[in-house]
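Note sheet for the following structure.
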Amino acid sequence: MILLVATLLSQAGGRLSSFVERLVERTGRPVPVLVGVMLAQGALAAVAIRIGMMLAPQVTPETLSLFLAFALVMVGLGMCGRLPRPGSPFGPPRLGVFGTAALGAGLILSTESGLILVAVAAARSPLPWAAWPGVMLGLAGALLPAILLGTREWRRLAWRAIRVFGGAVMILTGIVIGLSAKGLI
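For the sequence shown, our numbering begins at 1405 and goes up steadily by one.
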């Protein structure tokens, strides 16, 4: 559940949703864009979950809680940064819509700290692969409004306030988890 909420908050209005919104605007083909992005997220999330499964037996539960707190704080700090600039970072879609969406999403997702959160949450869970549907549903929930609203309505939303509020929630949650892991709460 934490991954569903964290992914939904962190990807709403971020670089990936902005990329998806711009790519759909340029091509007019939302289905291949959504499928390409979800495929990239699914593959990266599966790798992160596998890393979390390998990490779990090697560290204590307190350390995993501290890792989770650190990952939440890092995602929250990333959300409080600058909003993405308009314009496509990839130029015209030369790989086709699906290829551009999958490659662009893979590059964006691999540079954000959300995959660390996926790995740590999977390491803490008795059912690590249960993290995968949460990540996928959270991403779909963040990207579908970007696709369905269209460029004009999408850019009218108060993304600065939404992302700062979501970042503050993530940072506070990370601090509470970290303090409780050390027995201070």
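Glycine included, C-beta positions come from ideal geometry on N, C-alpha and C.
For residue i, count neighbouring C-beta atoms within 10 Å of its own C-beta (all shown protein chains included) and say buried if the count is 16 or more, exposed if not.
i: M1458; result: exposed
i: P1434; result: buried
i: L1531; result: exposed
i: G1432; result: exposed
i: R1560; result: exposed
i: G1538; result: buried
i: V1479; result: buried
i: S1529; result: buried
i: L1468; result: buried
Keeping to the same chain, check which residues put their C-beta closer than 6 Å to that of residue i; ignore five residues upstream and five downstream.
i: V1597; result: Summary: the structure shown does not reach residue 1597, with the chain confined to residues 1405 through 1589, and so no result is reported for it.
i: A1475; result: I1520, L1521, V1524
i: V1568; result: C1484
Within a Cβ cutoff of 8 Å, which residues of the same chain sit near residue i, ignoring the five residues on either side of it in sequence?
i: K1586; result: E1466, L1470
i: M1405; result: G1538
i: Q1445; result: A1509, L1513, V1539, M1540, L1543
i: V1573; result: L1413, G1480
i: S1584; result: S1469
i: T1464; result: none
Quick one, are the C-beta atoms of residue i and residue j less than 7 Å apart?
i: A1535; j: I1453; result: yes
i: A1546; j: L1443; result: no
i: L1541; j: L1420; result: no
i: A1460; j: A1565; result: no
i: G1582; j: A1473; result: yes
i: L1543; j: Q1462; result: no
i: G1417; j: W1533; result: no
i: V1441; j: V1424; result: yes
i: M1483; j: G1571; result: yes
In chain order, what residues of the same chain lie with their CB nearer than 7 Å to the CB of residue i, ignoring the 5 residues before and after it?
i: W1558; result: E1425, A1550
i: V1580; result: I1589
Cβ of residue i within 6 Å of any heavy atom in the ligand PLP?
i: M1457; result: Absence of the ligand PLP is noted for the structure shown, with no ligands found whatsoever.
Please specify which runs of the alpha helix (DSSP H), each continuous and at least 4 residues long, are wholly inside the stretch 1410–1497, giving them in chain order. Counting only unbroken stretches of 4 or more residues, the alpha helix (DSSP H) elements lying wholly within the stretch 1410–1497 are 1419–1431, 1434–1459, 1465–1483, in sequence order.
Count Cβ pairs between the stretch 1422–1437 and the stretch 1549–1557 that sit closer than 8 Å; are there 3 or more? The stretch 1422–1437 is in contact with the stretch 1549–1557.
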